[in-house]
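Asks: The structure that follows is given in the form of structure tokens.
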Amino acid sequence: MTTVETRLTEFADNNEKPVGYGRMLRKEDPRLIRGQGNFVDDVQLPGMLHLAILRSPVAHARIKSIDTTAAAALEGVVAIVTGADLAEKGLAWMPTLSNDVQAVLATDKVRFQGQEVAFAIAKSRYIARDAIELINVDYEILSPVVDVRKALDPDAALIRDDLKDKTDNHCFDWETGDAAATQVVFDNADVVVTQEIIYPRVHPAPMETCGAVALFDAVEGQLTLWSTTQAPHAHRTVYALVSGLPEHKIRVIAPDIGGGFGNKVPIYPGYVCAIVAALVTGKPVKWMEDRSENLMSTGFARDYIMNGEIAATKDGKILAVRTHVLADHGAFNGTAAPIKYPAGFFGVFTGSYDLEAAYCSMTAVYTNKAPGGVAYACSFRITEAVYLIERMVDCLAYDLKMDPAELRLKNFIKPEQFPYTTKTGWVYDSGEYERGMRLAMELAGYDELRKEQEERRARGELMGIGISFFTEAVGAGPRKDMDILGLGMADGCELRIHPTGKAVLRLSVKSQGQGHETTFAQIVAEEIGIPPSDIQVLEGDTDNTPFGLGTYGSRSTPVSGAAAALVARKVRDKAQIIASGMLEVSVADLEWEKGSFHVKGDPTKSVTIQEIAFKSYGAGDLPEGIEGGLEAQICYNPSNLTYPFGAYICVVDIDPGTAVVKVRRFIAVDDCGTRINEMIIEGQVHGGLTDGVGMALMEMIAFDEDGNCLGASLMDYLIPTALEVPDWETGHTVTPSPHHPIGAKGIGESATVGSPPAIVNAVVDALKPFGIRHADMPLTPSRVWETMQGRHVPSI
Amino acid sequence: MQVPAPFQYARATTVDHAIELLNEGGEGARIVAGGHSLLPMMKLRLANFDTLIDINGLHDELGYVREEGDEIRIGAMTRHRELLESDLLAAAFPIFRDAEHVIADPVVRNRGTLGGSLCQADPSEDLSAVCTTLDASCVIRGRDGERVVSMEDFHRGPYETAVGEAEMLVEIRLPIRPGGSSAYFKVERRAGDWAVASSGAAVWMSNGVISDARVGLAAVGPNTTGIPAISEALRGRAPSEELFAQAGALAAQACSPAVDMRGTVEYKRHLADELTRRALRKSVERINEQGA
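Chains as they are written, first to last, in our numbering: chain A, 8 to 803; chain B, 8 to 299.
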């Protein structure tokens, strides 16, 4: 195992900051770890009012009447706004990111517990909160649709009677792959394994909840919105479309963001309420949701019931995979995914294996639960896809009595097969899967672990070893295929070098803690040789940054990272021409060495990038045709997604008496292509692995039969702590992306995608003596014990 | 940020002052000590009070662990962290340190108090089970003086205690008896979560035979009183795995858990059994170590 001593030597040393890629401390951390960040809730404006939202206490009910008299009379209350008030302005409904509509405030019915019903604007947060207690809503309770399996029953209550001609709770159908070809392969296979696999509803639960401060300047007709958003530019466009305010008069500012994980991609009713409140009162208005509101009402993730089937030869050649998925989308389809991908990128469920055929069909339904189907560090549903295939491969290994590592090694796509087109049409860019798998096995001491397991089993101890191998598809995406609400998923980037050689890089993405201020400075530093500390990275303010679709789906490095490298090269090309004038040689006679140009064959005749910058703004003529200044702007449209991958091995011990699972070791070998800052990569991996422990062992947003949310506080919705996770053991391989300018693939979500199946596979492996082939997450002690008694029940 | 409904706040300077404030405040007044159960309930607006009487200023008066005669006396304002760190307590009743190791997290332990835990009377709360196991008595003070009640009488049911409207719990007394030791085991879904189930045991032995034993459970039903049937079954018997199994079975029978997100009824009964065995086994091991 990695010792503390060796880890210390790997710590970043900022006395030796790299001019380019390498381990360095994060530029943003001195601010963030000292409590000097500037988050939405830190925004204080003169005369600012506060907004609190009244939410539905029930899952499904018709609103008969709303009495706001007492609330409006409370001292300090400025206004009470209901759905009827919004309807008068045509703002009671808004579009979701998936071409559905969602109520801003309920007018006719409430459709999930926690739905927005009315809001109070008051002089303080306390008064606003007191005021909503005084709003009296008369509800006619309707039968709720809670069990997703019964949502399409003929007698199920109709949730979306707001949609014209809607008669059932069907949301959409979707399919991918070749059903007929897959059927033929299954018909002729030696072995077919089927298994129902559930990925329960979980919540991104960022440390900072969602919120906004809206300021409307009536004189200028200018709206400024500070908000917790991962996609400020996309939000601005949507606000323009919804509100009718001209887009150039809307400024969205995402200041420091305290975690997103996909939670801050959608536009929530609260943001719109804050805008309306600012317009109504003429005062700045702040809305910050509390923890329960965040957990109950904002975008959840997963909630897929997957019927998996895998076909193979009897000696373990995997031939085909097939699945039918029942997807719970809640009361409104708020999925944040490219519009042509209603199931996100679930189509990569064929995993890392060379198959003959594959097919997936999906039925998505409405239920009386919070809307969404959003991210949570899932790369648009790849978490579900990887969980399905990696669980199915383990089920196959169980039935074939094969070692799960051996089975995977036998079926990997080979390096020479890349670029590899899967049976569902995805073109994997590059991969060396066996190399990563072998490294993980070596770091884990796989053969010794299996021996130890055998010895422990003989003593009645329960030890499990779980493997997961994942391929991600990130960096959405090529604009020919991918858009959100008609906005292509390309990203702009602008680089300015000031006369003294200091630089400002403006990005369209938005960090929620990933370390953009450091990573992007390093990308530019690598290209033009200016130290990262001399490069200011700006993002999150739509008035000061170029357009782009934001940060989610691990897309920042694959898309904006490419843009940053290319814009730096564009600046360098111009610098080379200016240098040729300064050194009085032709452009072709210059050689670039990080940070300076010199004359070929004579390194003493050189100019630094800083000298060139000064010259570009300075006195004297520039070479013919060259404008003054040293800056450039581009927009990067990726030609393909990038496909990071990794091999994860988890070792667990289960207490046979209490069924408590202890994650003893976790070995994570990641390949994200070119590595920019090892420390940041490891941090992303550590966070994702911890997320994985949460999902595998404890996290679930559950509902009772009345549709009450049972996970509405962090006492009920558990998030893992340092005590539940082992000392992470990380390793890596580097297989650059061939089409990405610097070969980087993205790392943000790899560990969240890859770790849950490794942990579940380890738990199931530990339970092998009980004849267990599958158990559903979350594997709480009770669920594991029930499984040991042969009484496992699905978690949904 | 979750915000509570409006309330008045008063800070007590002495126990008598606190009782005076309670008397003035009447039904709507409530004492706040560490606040780690009360304040979340108020912020979630599950509980609203007219007046909070802050007794954190009484830590000097009520924060202590001391031996007096054949008792250990603990002031009601003694914080979890002090209970955890008390060597005196750990030597006499190792169950306390066992339990404090698994109660919440350091932030809670720095503020939460023994008196607050007992008065909150949450059926999942650990220290009630510990005090039940140790046959503690509780000193309650009112305007008319003090009265002492047993844990059985102190606990009236979930979130209900014998402490009256203008009274406060000031001290917990634990009888020291020779030849004894104790232990506590808890299963939780995650560090800091409430128990799925937990079991405490205290055993006293003489001449290789159990002279007395007590078991207290938490989180497996509304009742946090002891289980006399276990004490009866163990008295006069030499410790053995069979005996512990018998006690475990009695614990499983005696409890009345409910199904929730933490587990099924069957699992919680199983834990009552399994953890009772572990607690008894550990207690006897500790007695044997003392003897050796």
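All residues carry an ideal CB built from backbone N, CA and C; glycine is no exception.
Taking buried to mean at least 16 other C-beta atoms within 10 Å of its own C-beta, is A:R156 buried or exposed?
Replies: Burial call: exposed.
Asks: Cβ of B:A226 less than 7 Å from any chain A Cβ?
Replies: Cβ-Cβ to chain A under 7 Å: no for B:A226.
Asks: Here's the rule I'm using: 16 or more other beta-carbon atoms within 10 Å means buried, otherwise exposed. How should B:G207 be labelled?
Replies: Buried is the call here.
Asks: How big is the Cα-Cα spacing for A:I535 and A:A86?
Replies: Taking the straight line from one Cα to the other gives about 55 Å.
Asks: By Cβ distance, which residues of its chain are closer than 7 Å to A:I491, with the 5 residues on each side in sequence left out?
Replies: Only L104, A241, P345, I346 and L556 meet the Cβ criterion.
Asks: Can you give the Cα-Cα distance for A:V800 and A:P763, rounded to whole angstroms?
Replies: For A:V800 and A:P763, the distance between alpha carbons rounds to 19 Å.
Asks: For A:I40, does the count of other Cβ atoms within 10 angstroms reach 16, so buried, or fall short, so exposed?
Replies: Result: exposed.
Asks: Quick one: which chain A residues come within Cβ less than 8 Å of B:Q9?
Replies: Correct list: D297, R298 and S299.
Asks: With a threshold of 7 Å between beta-carbons, can B:T271 be considered close to chain A, or not?
Replies: Judged by the 7 Å Cβ criterion, B:T271 is in contact with chain A.
Asks: Any idea if A:N137 is buried or exposed, counting beta-carbon neighbours within 10 angstroms, 16 or more meaning buried?
Replies: The sequence given here places Asp at residue 137 of chain A; Asn does not occur at that position. The residue in question, A:D137, is buried, as its Cβ has 16 or more Cβ neighbours within 10 Å.
Asks: Taking 8 Å as the limit between beta carbons, can you name the residues of its chain near B:H43, skipping five residues before and five after?
Replies: Hits under 8 Å: A111, V115, R118, G119 and G123.
Asks: Let me check one thing: in DSSP terms, what residues is A:S475 bridge-paired to?
Replies: DSSP, once it has assigned bridges, lists A:Y655 as partnering A:S475.
Asks: Return the residues of the region 535 to 568 of chain A that lie within a Cβ-Cβ distance of less than 9 Å from chain B, sorted by chain order.
Replies: Here the close residues number zero.
Asks: State the beta-bridge partners of A:I274 as determined by DSSP.
Replies: Paired residue(s): none; A:I274 is not in a bridge.
Asks: Starting from the C-beta of A:M214, find all residues in its chain whose C-beta is less than 7 Å away, skip the five residues before and the five after it, and write them out in chain order.
Replies: Taken in chain order, the residues that qualify are G265 and G266.
Asks: Can you grab the Cα-Cα spacing for the pair B:T21 / B:G64, in whole Å?
Replies: The straight-line gap from Cα to Cα measures roughly 8 Å.
Asks: Taking DSSP as the reference, what is the three-state secondary structure of B:K289?
Replies: Note: B:K289 maps to helix in three-state DSSP.
Asks: How is A:M369 classed by DSSP in three states: helix, strand or coil?
Replies: Three-state DSSP puts A:M369 in a strand.
Asks: Taking just the CA atoms, how far does A:K34 sit from A:G341?
Replies: Whole-angstrom Cα-Cα distance: 35 Å.
Asks: Are the CB atoms of A:R780 and A:Y311 nearer to each other than 7 Å?
Replies: No, they are not a contact pair.
Asks: If we ignore side chains and look at the alpha-carbon of each, how far apart do B:A19 and A:H255 end up?
Replies: Distance between the alpha carbons of B:A19 and A:H255: 58 Å.
Asks: Flag this pair as yes or no: are the beta carbons of A:I584 and A:V594 separated by less than 7 Å?
Replies: Yes; because the gap between Cβ atoms is below 7 Å, this pair is in contact.
Asks: Let me see if you follow: with CB-CB separation under 7 Å, is A:G218 close to chain E or not?
Replies: Note that chain E does not occur in the displayed structure, where the protein chains are A and B.
Asks: Would you identify the three-state DSSP class for A:R41, choosing helix, strand or coil?
Replies: A:R41 falls in the coil class under three-state DSSP.
Asks: Can you pull the chain A residues whose beta carbon is under 7 Å from the beta carbon of B:G199, in chain order?
Replies: Simply T728.
Asks: Just to confirm the assignment, what range does the beta strand (DSSP E) spanning A:C500 have?
Replies: D498 to I504 is the span of the beta strand (DSSP E), which, as asked, contains A:C500.
Asks: Determine the burial state of A:H523: buried for a count of at least 16 other Cβ atoms within 10 Å of its Cβ, exposed for fewer.
Replies: When all chains shown are included, A:H523 counts as buried.
Asks: Determine the closest residue to A:A719 out of B:M268, B:Y274, B:N295 and B:R288, with distance taken between C-alpha atoms.
Replies: It is B:M268.
Asks: Quick check on DSSP: helix, strand or coil for A:L15?
Replies: Here the model assigns A:L15 a pLDDT of 45, short of 50, so the residue's position is not dependable, and the following value carries that caveat. Helix, per DSSP.
Asks: Identify the contact partners of B:Y274 in chain A, using a Cβ-Cβ distance below 7 Å as the criterion.
Replies: The answer, in chain order, is S789, W792 and E793.
Asks: Please state whether DSSP places A:V791 in a helix, a strand or coil.
Replies: A:V791 falls in the helix class under three-state DSSP.
Asks: What residues from the region 658 to 672 of chain A come within 8 Å of chain B, judged by C-beta to C-beta, listed N to C?
Replies: Under the 8 Å Cβ criterion, the region 658 to 672 of chain A contributes G664, T665, A666 and V667.
Asks: Which residues of chain A have a Cβ atom closer than 8 Å to the Cβ of B:P13, listed in chain order?
Replies: Those within 8 Å of B:P13 in chain A are Y133 and D137.
Asks: Report the three-state DSSP secondary structure of A:H799 (helix, strand or coil).
Replies: Reduced to three states, the DSSP call for A:H799 is coil.
Asks: Are A:A371 and A:F179 touching if we call contact CB-CB under 7 Å?
Replies: Yes, these two residues count as a Cβ contact at 7 Å.
Asks: I'd like to know whether the C-beta atoms of B:A17 and B:I81 end up nearer to each other than 7 Å.
Replies: Result no, Cβ atoms of B:A17 and B:I81 do not sit closer than 7 Å.
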